[in-house]
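> Numbering (our numbering), first residue to last: 44 to 443.
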């Protein structure tokens, strides 16, 4: 008994020393405080938030010089918020930003040039070229791709079986299916036509599906696309409420049985899985099958902020599997081609979106996109409110 008592103080001293050594490894070097780095993001789904929480937590646990944290800024005011923060000298260190919004902010001088690091990380060899184009300006890199996606039709398999329907491959098949599936309590088809970038992101694939040249929107194919969407409204298959629905709202409509088919992206899968719905995915139908529009976010470092800490965060993301793990949790595709293919093997529902990335159109490749974006969502709003015809809404896209 005396031997045991004699040994206990020694054991305790060893344990305490071990704990002290472990704590010391998690502290910054002597005389240096941990530096905080702030990331802005508009992520709002539970899966996106949990994925970003885990990414930030993993970075903080991996080193002891910097402590990252992220702040939510609503998507509708994200770009305006960055512009205001720039004027007020109150920018975050990094921003996870919708890829079509990045070009204008790069030209305003908000983002750091990280070309040397991008070359070191071999982004040109690793990532989808379309995603890289959204963060380059005059041959220089101003961020890294955080993830990529597009939209497709998501349909309720149980309802399709009940009504003896097959997944639509043409506009006429979609029109017929949507009409049959429409009831007083349920829209046959729903999409996001809200006056914002989300609305433009959903409307553009229909114009491309009609065969319009991305470099010259507003032609006859644009008229056809607007007229088709109007026909779904006229026969009651799509509700006029589409002008009020965000993409998150669409997922809720589908999950709660108020829509049989929706146009949306893979980020809504966790919400649909939780609702227990058996769903299928097919591309947006039309004459032109390569009609997908690139979605997803980039992450960039704001000028004049903590460059070294932010680069450490980007390096942590790009050199390991950290972004891939975030994408898995958030149910989106990594911009790294090999990782995207592996994601499909683990989650086959992503196959349509991965295939679409091969030929997807970037919004930044469309001349004067920022003006076009507003005209697209405004045009569909005016069509729905019967203020304009499809011809008038299309013609507005050709005005400078």
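Ideal placement from N, C-alpha and C gives every residue a C-beta, glycine not left out.
Using C-beta distances below 7 Å, list every residue in its chain close to residue 257, excluding the 5 sequence neighbours before and after it, in chain order.
Result list for residue 257: 251, 404, 408, 409, in chain order.
> Taking the runs of the beta strand (DSSP E) that are 3 residues or longer, which of them lie wholly in the segment 225 to 281?
Counting whole runs of 3 or more residues, the segment 225 to 281 contains the beta strand (DSSP E) stretches 230 to 233.
> Quick one: is residue 414 buried, meaning 16 or more other Cβ sit within 10 Å of its Cβ, or exposed?
Residue 414 comes out exposed.
> CA-CA distance, residue 157 and residue 322?
Spanning the two alpha carbons is a distance of roughly 41 Å.
> Can you tell me where the alpha helix (DSSP H) holding residue 434 begins and where it ends?
Start and end: 433 to 439.
> With a threshold of 7 Å between beta-carbons, can residue 329 be considered close to chain D, or not?
The question asks about chain D, but that chain is absent: this structure has only one protein chain.
> Is it the case that the Cβ atoms of residue 210 and residue 378 are separated by a distance below 7 Å?
Their beta carbons are not under 7 Å apart, which means residue 210 does not touch residue 378 by this criterion.
> Within its chain, find whatever has a CB closer than 6 Å to the CB of residue 335; leave out the 5 residues flanking it on each side and keep chain order.
Closer than 6 Å at Cβ, skipping near neighbours: 193, 399, 403.
> Can you list, in chain order, the residues of its chain whose CB lies under 7 Å from that of residue 95, leaving out five sequence neighbours each side?
Cβ neighbours of residue 95 beyond the five flanking positions: 84, 86, 113, 369.
> Who pairs with residue 345 in a beta bridge, going by DSSP?
Its beta-bridge partners are 154.
> Looking only at C-alpha atoms, which of 79, 324, 140, 349 sits nearest to residue 123?
Out of 79, 324, 140, 349, 140 has the C-alpha closest to the C-alpha of residue 123.
> Going by the CB atoms, is the gap between residue 173 and residue 387 shorter than 7 Å?
In this structure, residue 173 does not lie closer than 7 Å to residue 387 by Cβ.
> Taking all protein chains shown into account, decide if residue 330 is buried (16 or more other Cβ within 10 angstroms of its Cβ) or exposed.
That one is exposed.
> Fully enclosed by the segment 152 to 187, which alpha helix (DSSP H) runs are 4 residues long or longer?
Correct list: 158 to 163, 166 to 169, 172 to 176.
> In chain order, which continuous runs of the alpha helix (DSSP H) of length 4 or greater are located wholly inside the segment 376 to 423?
As far as the segment 376 to 423 is concerned, its whole alpha helix (DSSP H) runs of at least 4 residues are 380 to 389, 394 to 399.
> With H, G and I counted as helix, E and B as strand and the rest as coil, what does DSSP make of residue 110?
Residue 110: strand per DSSP, three-state reduction.
> Should residue 282 be labelled buried (16 or more other beta-carbon atoms within 10 Å of its own) or exposed?
Classification for residue 282: buried.
> Determine, using beta carbons only, whether residue 81 and residue 117 come nearer to each other than 7 Å.
Cβ distance not < 7 Å, so residue 81 and residue 117 don't count as in contact.
> Would you tell me roughly how many angstroms separate the C-alpha atoms of residue 373 and residue 295, rounded to the nearest one?
So the alpha carbons of these two residues sit roughly 17 Å apart.
> Can the beta-carbon of residue 261 be found closer than 7 Å to that of residue 440?
Against a cut-off of 7 Å, the Cβ pair of residue 440 and residue 261 comes out as a contact.
> Report buried or exposed for residue 185, applying the criterion of at least 16 other Cβ atoms within 10 angstroms of its Cβ.
Buried is the call here.
> If you check the beta carbons only, do residue 270 and residue 143 fall under 7 Å apart?
Cβ distance not < 7 Å, so residue 270 and residue 143 don't count as in contact.
> Rounded to the nearest angstrom, what separates residue 430 and residue 218 at their Cα positions?
So the alpha carbons of these two residues sit roughly 24 Å apart.
> Output yes or no for whether 7 Å exceeds the beta carbon distance between residue 164 and residue 361.
It is a contact, given that the beta carbons lie within the stated cut-off.
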